[in-house]
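My numbering puts the first residue of the sequence shown at 38, with every later residue one more than the last.
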Amino acid sequence: MLVCRRCRSIYGRAGRFCGIDGEPLTELETDPLIGQTIDRYSITDLIGRGGMGSVYKAIHRELDTEMAIKVLFGDLGSDPTFVARFRREAQVASKIRSPYVVSVVDFGTTQEGLTYLVMEYIHGVMLDEVASLEGTLEAKRAARVVADVARGLAVVHRMGFVHRDVKPANIALIQDAGREMAKLLDFGIVQVARTEESTKLTGADMIVGTPAYMSPEQAIGEEVTLKADLYSLGVVLYELISGHKPYAGNRSEVLEKLTSANSTPLPLGRGDSLADLTYRLMARDPKDRPASAEEVAEAADRIATQSQTVVTAIQPAPRSTRSTLFITLAAVTVGVAALAGTFLVGANSNAPSPAQVDTSQLELSLSAELRAHGLEAADLGEIPETRNAYTTWTKEKTRDLAAAKSALESLLTLAKEVRATKEIVSRKLERLDAPLAAHEATMSEEQKMALRAQYLELYKRLNSDPDMDALARDVAAFSMSVRRGTSAP
38 MLVCRRCRSI YGRAGRFCGI DGEPLTELET DPLIGQTIDR YSITDLIGRG
88 GMGSVYKAIH RELDTEMAIK VLFGDLGSDP TFVARFRREA QVASKIRSPY
138 VVSVVDFGTT QEGLTYLVME YIHGVMLDEV ASLEGTLEAK RAARVVADVA
188 RGLAVVHRMG FVHRDVKPAN IALIQDAGRE MAKLLDFGIV QVARTEESTK
238 LTGADMIVGT PAYMSPEQAI GEEVTLKADL YSLGVVLYEL ISGHKPYAGN
288 RSEVLEKLTS ANSTPLPLGR GDSLADLTYR LMARDPKDRP ASAEEVAEAA
338 DRIATQSQTV VTAIQPAPRS TRSTLFITLA AVTVGVAALA GTFLVGANSN
388 APSPAQVDTS QLELSLSAEL RAHGLEAADL GEIPETRNAY TTWTKEKTRD
438 LAAAKSALES LLTLAKEVRA TKEIVSRKLE RLDAPLAAHE ATMSEEQKMA
488 LRAQYLELYK RLNSDPDMDA LARDVAAFSM SVRRGTSAP
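Here it is in structure tokens:
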């Protein structure tokens, strides 16, 4: 990982200089924050890394209590926009008091420039991980999860906020007094909503959130009210009981279907009371959705306590037995396992056939290849060729093991090609070190900082820009300007 030795910032993207203090970045194998203290919090372990930063387990030095502390990556901590969003998340979440919402208790910036947020530490698992491993949830369990999240949303809405990013990755499952309980988290893109009044998204904020879970009005920038969160909760419920999302495709394809009045979700495959609640939540017109989160919680509670669930439509085909290899792989990275696990097909059997074993070996190779791109890229589907191949194959999914094997081989080949392209672009950036240093020698300090910012931005795009060809062109133009000793474009 790349680290600034002065401020100890970790960089989630490749870079050459620290955006906080301008110091050169150093490659380290161990996380420099583990064993260190941030204000009153002693960091003990790394919990995980996401798109904006790292989350650590920490101990409050005075209270001796376990906490979770999220620290922004250095390249984002130097960006006022991201810091403002991070601060906003802390301010909103700290005002919410509910057993169904993860509490935020502190926020700050160290003298070195590290920006952090402190949350309650919970012993549990994320809902997206559970859904990835189990495929679908039993109806009553899914209803209980939705009831809990709805209770959390009810508090959020009473406070006058719209969450705008309700999805399985933002829902944690914990054990409380012997029962499973869901807790809502991540208020990074929350928006103020004056109860009945709505706020219109404009400009760059029009498409904010996760397209697969976004309401139609949110997707096209229309008025966003509390009902938008109910739609997103409906998509979560849809996925929990069906094993797939309502609209297939990449980001742009999902948005197109979501905003088309003639588009309908993929068949749910059931006609019980849980399906009825799902369709009500996912009504295209907000007026046709339940009146409030409290109403949703009550409806889900009734379903969870029913003596039986009557299904009037054909249920989805039973999911295939997963191999031990897949479970082990999922423990390493659920984001990648969610991608690879869909390819496990075949007749239900306790003993995998040779073809199944061969497919599992391909899954392992594919996952290793995707990890080389970075887990975030694999999890978010930002590698276009891989994402599109995966989407195409799932549309024509078959129980034929030979077809599954062939699809995995093709997907692995595409992943290798994308990796090769990224390596070429990365090497071009690395070769600019010497000419860049020479170029800086003739510049003022202000010009140096501007040039470094351009260089850092290109490195950021290396792991986030889905258009690798466009990035390659921009790197070539930047390289030419540096070698000529002229201003970078």
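Where a beta carbon is used, it is the ideal one built from N, C-alpha and C, also for glycine.
Here the structure is a predicted model, which is why all the values come from computation and not from measurement.
Identity of the residue in the options nearest residue i by Cα
i      : options                        : result
Lys107 : Leu100, Glu332, Gly145, Ala184 : Gly145
Ala127 : Ala490, Asp143, Leu305         : Asp143
Ala187 : Leu469, Arg288, Gly271         : Gly271
Leu62  : Gly111, Glu290, Leu466, Leu174 : Gly111
Met251 : Pro205, Gly215, Leu493, Ala219 : Pro205
Glu166 : Ala256, Leu210, Arg124, Asp185 : Leu210
Gly150 : Asp338, Glu171, Glu103, Asp116 : Asp116
Ala176 : Val120, Val273, Leu221         : Val273
Val155 : Leu295, Glu332, Asp223, Ser269 : Asp223
Pro472 : Phe515, Ala507, Leu495         : Phe515
Glu99  : Arg77, Thr118, Tyr93, Leu109   : Arg77
Tyr275 : Lys324, Leu305, Arg122, Glu483 : Leu305
Phe54  : Gln484, Ala513, Arg489         : Arg489
Ile161 : Asp338, Phe198, Leu221         : Checking the displayed sequence, the identity of residue 161 turns out to be Gly instead of Ile. Nearest of Asp338, Phe198, Leu221 to Gly161, Cα basis: Leu221.
Gln9   : Val203, Ala285, Gly286         : Outside the modelled stretch of the chain, which goes from 38 to 526, sits residue 9, for which no answer is possible.
Lys132 : Gln73, Phe198, Lys485          : Phe198
N-terminal and C-terminal residue of the beta strand (DSSP E) that residue i is part of
i      : result
Gln212 : 208 to 213
Gly189 : Unbroken run through Gly189 is the alpha helix (DSSP H), 176 to 195; no beta strand (DSSP E).
Thr81  : 78 to 86
Thr146 : 141 to 146
Ala95  : 90 to 97
Glu217 : 216 to 221
Where the alpha helix (DSSP H) through residue i begins and ends
i      : result
Ala328 : Here Ala328 belongs to no alpha helix (DSSP H), and DSSP marks it neither H nor E.
Ala256 : 253 to 256
Asp615 : Lying before the first or after the last residue shown, residue 615 is absent from the chain, which here runs from 38 to 526.
Ala105 : Unbroken run through Ala105 is the beta strand (DSSP E), 103 to 109; no alpha helix (DSSP H).
Beta-carbon proximity of residue i to residue j, cut-off 9 Å
i      : j      : result
Leu190 : Leu263 : yes
Ser310 : Thr173 : no
Ile71  : Thr147 : no
Tyr268 : Ala320 : yes
Glu184 : Leu277 : Here the sequence assigns Ala to residue 184, which means Glu is not the residue at that position. Result no, Cβ atoms of Ala184 and Leu277 do not sit closer than 9 Å.
Pro136 : Met218 : yes
Met104 : Tyr158 : yes
Leu495 : Leu508 : yes
Contact test: residue i Cβ vs the ligand NAD heavy atom, cutoff 8 Å
i      : result
Ser310 : Of ligands this structure carries none, so the ligand NAD is not represented either.
Buried versus exposed call for residue i [16 or more other C-beta atoms within 10 Å across all chains shown]
i      : result
Glu91  : Residue identity differs from the one stated: residue 91 is Ser in this sequence, not Glu. Buried: at least 16 other Cβ atoms inside 10 Å.
Asp266 : buried
Pro302 : buried
Ile80  : buried
Arg510 : exposed
Lys294 : buried
Gln212 : exposed
Pro391 : The predicted model places Pro391 with a pLDDT of 41, which falls under 50 and marks its position as unreliable; any figure quoted below should be read in that light. Pro391 comes out exposed.
Ile208 : buried
Gly114 : buried
Val229 : Because Val229 sits at a pLDDT of 49, beneath the cut-off of 50, its placement in the model cannot be relied upon, and the following sentence gives the value as read from the coordinates. Exposed: under 16 other Cβ atoms inside 10 Å.
Thr152 : buried
Ser297 : exposed
Arg339 : exposed
Arg201 : buried
Arg216 : exposed
Ala214 : exposed
Ala312 : buried
Arg86  : buried
Alpha carbon of residue i to alpha carbon of residue j, nearest angstrom
i      : j      : result
Met163 : Lys459 : 31 Å
Val261 : Met517 : 46 Å
Arg134 : Ser140 : 7 Å
Pro248 : Ser329 : 22 Å
Arg181 : Ala341 : 6 Å
Ser481 : Val193 : 50 Å
Leu83  : Asn299 : 46 Å
Thr102 : Ile96  : 5 Å
Arg326 : His281 : 22 Å
Leu170 : Ala513 : 43 Å
Ala33  : Leu314 : The chain is shown only over 38 to 526; residue 33 falls outside these bounds and no answer can be derived.
Glu467 : Ala130 : 41 Å
Arg124 : Lys497 : 22 Å
Glu332 : Arg178 : 18 Å
Val462 : Gly258 : 35 Å
Thr3   : Val120 : Residue 3 lies beyond the residue range present for the chain, which begins at 38 and ends at 526; the question has no answer from this structure.
Pro69  : Arg122 : 25 Å
Pro323 : Glu290 : 22 Å
Gln484 : Lys465 : 22 Å
Any C-beta of chain C under 9 Å from that of residue i
i     : result
His97 : Here chain C cannot be found, since the structure has a single protein chain.
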